[in-house]
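Student: Could you have a look at this structure, given as structure tokens, before my questions?
Residue numbers (mature numbering (1 follows the signal peptide of the UniProt record, and there is no 0)): -21 to -1, 1 to 111.
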């Protein structure tokens, strides 16, 4: 899944610049990016769970389209995806989600249990994962 970050960036390119709130403040983008981030982390760390890569890529295309229609520029999108501060913020947000769901995101067993739970619930996160 190491190719995902450059692919995410390429999917989000191309829209006119506008004076908009930072993407991390746009709940309908940020929460959905968190779902993708959690699914990637689970599938990278948990040997019994695989990513649904094509489904995830299709979803990223829809997020790119949404961000483009909102008027976000290439630079704004690049900063959202590549910024060390944004990545740290997203990791904390995802860890808080996992902890609130009763799982320890710092342990592989916690990530596997979270992934399995999300698959069983049929959540957005679970839709990007499948049991091997």
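Each residue gets a CB set at the ideal place from its N, CA and C atoms; glycine is no exception.
1) Give me the Cα-Cα distance between residue 46 and residue 92, rounded to the nearest whole angstrom.
2) Only counting runs of 3 or more residues, tell me where the beta strand (DSSP E) segments fall wholly within the stretch 5 to 33, in order along the chain.
3) Can you tell me whether residue 110 is buried or exposed? The criterion is at least 16 other CB atoms within 10 Å of its CB, across all chains shown.
4) Enumerate, from N- to C-terminal direction, the unbroken beta strand (DSSP E) stretches of 3 or more residues contained entirely within the stretch 41 to 69.
5) Does the separation of the CB atoms of residue 70 and residue 3 fall below 8 Å?
6) The alpha helix (DSSP H) that contains residue 2, what's its start and end?
7) With three or more C-beta pairs closer than 8 Å as the rule, is the stretch 5 to 25 touching the stretch 82 to 98?
8) Starting from residue 89 and walking both ways along the alpha helix (DSSP H), at which residues does that stretch end?
9) Does the stretch 93 to 107 come close enough to the stretch 30 to 44 to have 3 or more Cβ pairs within less than 8 Å?
Tutor: Quick look at the numbers:
1) Approximately 32 Å between the Cα atoms of the pair.
2) You should have 28 to 30.
3) Classification for residue 110: exposed.
4) Listed in chain order, nothing qualifies, since the stretch 41 to 69 has no complete beta strand (DSSP E) run of 3 or more residues.
5) No, they are not a contact pair.
6) It is not in any alpha helix (DSSP H) - residue 2 carries neither H nor E in the DSSP assignment.
7) The stretch 82 to 98, when compared against the stretch 5 to 25, does touch it at the 8 Å Cβ threshold.
8) Per DSSP, residue 89 belongs to the alpha helix (DSSP H) from 87 to 100.
9) Three or more beta-carbon pairs drawn from the stretch 93 to 107 and the stretch 30 to 44 are found closer than 8 Å, and the two stretches are therefore classed as touching.
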